[in-house]
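Engineer: Going by the numbering used here, 354 is the number at position 313 of the sequence shown; the sequence numbering is gapless. A virtual CB, placed ideally from N, CA and C, is assigned to each residue, including glycine.
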Amino acid sequence: MQQQQQQQRLKQQQQQQQQQQQQALMQQALLQQQHQSLYHPGLLAAPQIEPLPSGNLPPGFDSSTCRSVYVGNIHSQVTEPLLQEVFSTTGLLEGCKLIRKEKSSYGFVDYFDRRSAALAILTLNGRHLFGQPIKVNWAFASGQREDTTGHFNIFVGDLSAEVTDAMLFACFTSYPSCSDARVMWDQKTGRSRGFGFVSFRSQQDAQNAINDLSGKWLGNRQIRCNWATKGAGNEEKQNSDTKSVVELTNETPEDAEQRAIHERAIHEEGPENNPLYTTVYVGNVAPEVTQLDLHRLFYNLGAGTIEEVRVQRDKGFGFVRYSTHAEAALAIQGANARIVCGKPLKCSWGNKPTLPGTSSNPLPPPAAAPFPVLSPADLMAYERQLAMSKAAGAQALMHHPGQHPLKQGAVGLGAAGASQAIYDGGFGNLAAQQQQQLMYYQ
42 MQQQQQQQRL KQQQQQQQQQ QQQALMQQAL LQQQHQSLYH PGLLAAPQIE PLPSGNLPPG
102 FDSSTCRSVY VGNIHSQVTE PLLQEVFSTT GLLEGCKLIR KEKSSYGFVD YFDRRSAALA
162 ILTLNGRHLF GQPIKVNWAF ASGQREDTTG HFNIFVGDLS AEVTDAMLFA CFTSYPSCSD
222 ARVMWDQKTG RSRGFGFVSF RSQQDAQNAI NDLSGKWLGN RQIRCNWATK GAGNEEKQNS
282 DTKSVVELTN ETPEDAEQRA IHERAIHEEG PENNPLYTTV YVGNVAPEVT QLDLHRLFYN
342 LGAGTIEEVR VQRDKGFGFV RYSTHAEAAL AIQGANARIV CGKPLKCSWG NKPTLPGTSS
402 NPLPPPAAAP FPVLSPADLM AYERQLAMSK AAGAQALMHH PGQHPLKQGA VGLGAAGASQ
462 AIYDGGFGNL AAQQQQQLMY YQ
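#1: Do Arg351 and Gly345 come within 7 Å of each other at the CB atom, strictly closer than that value?
#2: I need the DSSP call for Asp199, collapsed to helix, strand or coil.
#3: Distance, Cα to Cα, Glu368 vs Ile380?
#4: DSSP state of Ser240, grouped into three classes?
#5: How should Thr106 be labelled, buried or exposed, when 16 other C-beta atoms within 10 angstroms of its C-beta is the threshold for buried?
#6: In this structure, does DSSP put Tyr322 in helix, strand or coil?
#7: Applying the criterion that 16 or more other CB atoms from any shown protein chain within 10 Å of the CB defines a buried residue, is Trp258 buried or exposed?
#8: Give the DSSP-derived three-state secondary structure of Pro403 in the structure shown.
#9: In whole angstroms, what is the alpha-carbon distance linking Val204 and Gly256?
#10: Are the CB atoms of Ser233 and Ala202 within a distance shorter than 7 Å?
#11: Please list, in chain order, all residues of the same chain as Ile251 whose beta carbon is under 8 Å from its beta carbon, the five residues on each side excluded.
#12: For Thr331, which of Gly343, Val323 and Arg354 has the nearest alpha-carbon?
#13: Please report the straight-line C-alpha distance between Ser281 and Arg242, rounded to a whole angstrom.
#14: Can you tell me whether His366 is helix, strand or coil according to DSSP?
#15: Kindly list the residues whose CB is nearer than 8 Å to the CB of Gly172, restricted to its own chain and excluding five residues on each side of it in sequence; keep chain order.
#16: Using 7 Å as the threshold, is the C-beta distance between Tyr111 and Gly132 below it?
#17: Name the DSSP beta bridge partners of Tyr111, please?
#18: Of the choices Met208, Val224 and Asn249, whose alpha-carbon is the least far from that of Ser218?
#19: Report all residues from its chain with a CB closer than 7 Å to the CB of Tyr340; omit the five preceding and five following residues, and keep chain order.
#20: Let me know the secondary structure DSSP gives Ser157 once reduced to three states.
#21: Which of the three DSSP states is assigned to Ile162 in this structure?
#22: Do you know offhand how far Trp226's Cα is from Thr130's?
#23: What is the residue span of the beta strand (DSSP E) that Arg141 lies within?
#24: Going by Cα to Cα distance, which pick from Lys387, Leu333 and Lys384 is closest to Ala409?
#25: Would Asp199 and Arg262 qualify as a contact pair, given that the criterion is a beta-carbon distance under 7 Å?
#26: Exposed or buried, Cys137, counting other C-beta atoms within 10 Å across all chains shown (16 or more means buried)?
#27: Of the residues Trp179, Ser157, Val127 and Glu143, which one's Cα is nearest the Cα of Arg168?
#28: Out of Phe149, Asp154, Thr365 and Cys388, point me to the one whose CA is closest to Leu338's CA.
#29: How big is the Cα-Cα spacing for Ala161 and Gly237?
#30: Of all the options Val119, Thr320 and Gly324, which has the alpha carbon lying nearest to the alpha carbon of Lys393?
#31: Could you pull out every residue in the same chain whose Cβ sits closer than 7 Å to the Cβ of Gln118, ignoring the five residues on either side in sequence?
#32: Nearest CA to the CA of Lys142: which residue from Leu123, Ser157 and Gly113?
#33: Rank Phe149, Leu386, Val197 and Pro312 by C-alpha distance to the C-alpha of Pro122 and give the top, closest one.
#34: Looking at the strands, I want to know which residues DSSP matches up with Ile264.
#35: Would you mind giving the Cβ-Cβ distance between Leu209 and Val177, rounded to the nearest angstrom? I have them listed as a contact below 8 Å.
#36: Apply the 10 Å Cβ neighbour rule to Asn402 and answer buried if 16 or more other Cβ atoms are within range, or exposed otherwise.
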């Protein structure tokens, strides 16, 4: 009994220490945001220009003697002289090197003093060159990051936009075998994609982290933790012939391969519990249903904000994307089995998640539906049902002895009841609906 109490107290102390570390990191980030607009090269003292550790820095990286910065996500039109000109605004350069890649290039800038390098990270990180934000951070040798091949990796979702690699790592430092932490970034926008991955040398520590920290607050949101691959603690396969990187770089081939593995892991989590799934698959769609018809149907459900509607009329299915996972779940419940043009819709989750950074502009409300164009057969059926409803309504007004007053309302559906039956999928359902209501009130 005493051992259990001691373990609980120890666990509470660890959680308190962890919360204090998180608060300290958040305060440091806020101070940086407040002071960043006041920075001027001529007014800065050395202690004022210590940037917040971020990016893919190795845990425990010491930047006190570093004079080089890494520049990532460089546009293809940026030249080495232009890169040198941009970074010379914060101090005298010792060297500048640009490494060109097919999609996005990267480079390294060496200063004569550490103060200029720190100022470059503070003032140039996120600067747009040819419309593309560059990523600036301390440069380090690839050997400074521990090789996490064979480590146990967990997925961490629902990360706030301000969470960096250093903050994510600090969140898990209470587990001794925590070896690495990385936030996934969008190369086009330079913003966090809202999830990351943490590596552990010990499988038990990884499992404990999943159990202890799921639902805990980091920054402004509660995080979600799970195994990064199927099967608890399965070792992730790494390409054995991956080349080792000799240059200073923050994006090694191992990093790129690991990111691909991690992104595949997103698809392995069930869509019912994954907030990245916001698209509704709509099957069994009649060929005459247009994109506007589908938009109008889901808009009238009132489930939430619709961002995209697509229909494959020749294949009989479509997709409706909502702004949140909860809205899509509500739409699936509301639209499934609803009859449109005589066919019941089959609604479920789309097979692909909506990754952070996807365009999220809400669609304008659809145009109001015109009066339905009825065929002669439909019109005759409508008039026949309308006549039957009126006749039944007239009989109900005679107040037959023993008849419940509610029957009058049930029988007298009138034109409104017939119109609703048309919308819900045809006149055949109207008689059944009337009979069901009569049985209910008898």
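Structural biologist: Taking the structure as given:
#1: Residue 345 sits at position 304 when you count from the first residue of the sequence shown. Residue 351 sits at position 310 when you count from the first residue of the sequence shown. Not a contact, by the Cβ cut-off of 7 Å.
#2: Residue mapping note: residue 199 aligns to position 158 of the sequence shown, counting from 1. In this structure, Asp199 counts as coil in the three-state DSSP scheme.
#3: Position 327 of the sequence shown, counting from 1, holds the residue named residue 368. Position 339 of the sequence shown, counting from 1, holds the residue named residue 380. Each residue's alpha carbon lies about 21 Å from the other.
#4: Reading the sequence shown from its first residue, position 199 is the one you call residue 240. The answer is strand: DSSP assigns Ser240 an E or B state.
#5: For the purposes of this step, residue 106 is taken as residue 65 along the sequence shown, with counting starting at 1. Label assigned to Thr106: exposed.
#6: On the sequence shown, position 281 is the one that residue 322 refers to. If DSSP states are grouped into helix, strand and coil, Tyr322 belongs with the strands.
#7: By one-based count along the sequence shown, residue 258 stands at place 217. Under this definition Trp258 is an exposed residue.
#8: Locating residue 403 in the sequence shown gives position 362, counting from the first residue. Looking at Pro403 - three-state DSSP - the assignment turns out to be coil, as it is neither helix nor strand.
#9: The residue labelled residue 204 in the question sits at position 163 within the sequence shown. The residue labelled residue 256 in the question sits at position 215 within the sequence shown. Distance between the alpha carbons of Val204 and Gly256: 16 Å.
#10: As a working note, residue 202 is residue 161 in the sequence shown. As a working note, residue 233 is residue 192 in the sequence shown. In this structure, Ser233 lies closer than 7 Å to Ala202 by Cβ.
#11: Taking the first residue of the sequence shown as 1, we reach residue 251 at position 210. Result list for Ile251: Ile195, Cys266, Asn267 and Trp268, in chain order.
#12: Counted from its first residue, the sequence shown places residue 331 at position 290. Ranking Gly343, Val323 and Arg354 by Cα distance to Thr331 puts Arg354 first.
#13: Sequence index remark: in the sequence shown, residue 281 carries index 240 (1-based). Sequence index remark: in the sequence shown, residue 242 carries index 201 (1-based). In this prediction, Ser281 has a pLDDT of 31, which is less than 50 and means its spatial position is unreliable; nothing more can be read from the coordinates.
#14: Against the sequence shown, residue 366 aligns to sequence position 325. Three-state result, His366: helix.
#15: The residue you call residue 172 lines up with position 131 of the sequence shown. Counting only Cβ-Cβ distances below 8 Å, and skipping sequence neighbours, we find His116.
#16: What you label residue 111 is simply residue 70 of the sequence shown in a count that begins at 1. What you label residue 132 is simply residue 91 of the sequence shown in a count that begins at 1. Not closer than 7 Å, so no.
#17: Here residue 111 refers to the residue found at position 70 of the sequence shown. BP columns for Tyr111 point to Phe149 and Asn178.
#18: Position 177 of the sequence shown holds residue 218. The option with the nearest alpha carbon to Ser218 is Asn249.
#19: Position 299 of the sequence shown holds residue 340. The residues are Ile347, Pro406 and Pro407.
#20: Your numbering for residue 157 matches position 116 in the sequence shown. Residue state, collapsed to three classes: helix.
#21: To locate residue 162, count along the sequence shown from 1; it is residue 121. Three-state DSSP puts Ile162 in a helix.
#22: Sequence index remark: in the sequence shown, residue 226 carries index 185 (1-based). Sequence index remark: in the sequence shown, residue 130 carries index 89 (1-based). Approximately 26 Å, taken between the alpha carbons.
#23: Taking the sequence shown and counting its residues from 1, one reaches residue 141 at position 100. Looking at the DSSP string, Arg141 is not in any beta strand (DSSP E), and its letter there is neither H nor E.
#24: Taking the sequence shown and counting its residues from 1, one reaches residue 409 at position 368. Among Lys387, Leu333 and Lys384, the Cα nearest to that of Ala409 belongs to Leu333.
#25: Here residue 199 corresponds to residue number 158 of the sequence shown, with the count starting at 1. Here residue 262 corresponds to residue number 221 of the sequence shown, with the count starting at 1. Cβ atoms of Asp199 and Arg262: closer than 7 Å.
#26: The residue you call residue 137 lines up with position 96 of the sequence shown. Answer is buried; the Cβ neighbour count reaches 16.
#27: As a first step, residue 168 must be located in the sequence shown, where it is residue number 127. Nearest option by C-alpha distance: Val127.
#28: If you number the sequence shown from 1, residue 338 lands on position 297. Minimum Cα distance to Leu338 is reached at Cys388.
#29: Your numbering for residue 161 matches position 120 in the sequence shown. Your numbering for residue 237 matches position 196 in the sequence shown. Each residue's Cα considered, the two are about 26 Å apart.
#30: For the purposes of this step, residue 393 is identified with residue 352 of the sequence shown, where counting begins at 1. Of the listed residues, the one whose Cα sits closest to Lys393 is Thr320.
#31: The count along the sequence shown starts at 1 and reaches residue 118 at position 77. Contacts found: Phe171.
#32: For this step, residue 142 is matched to residue 101 along the sequence shown. Selected option, being the one with the closest Cα: Gly113.
#33: Walking along the sequence shown from the start, residue 122 turns up at place 81. Selected option, being the one with the closest Cα: Phe149.
#34: The residue you call residue 264 lines up with position 223 of the sequence shown. Answer is none; Ile264 lacks a bridge partner.
#35: Counting from 1 along the sequence shown, the entry for residue 209 is found at position 168. Counting from 1 along the sequence shown, the entry for residue 177 is found at position 136. About 19 Å separates the two Cβ atoms, so there is no contact after all.
#36: For the purposes of this step, residue 402 is taken as residue 361 along the sequence shown, with counting starting at 1. Asn402 should be labelled exposed.
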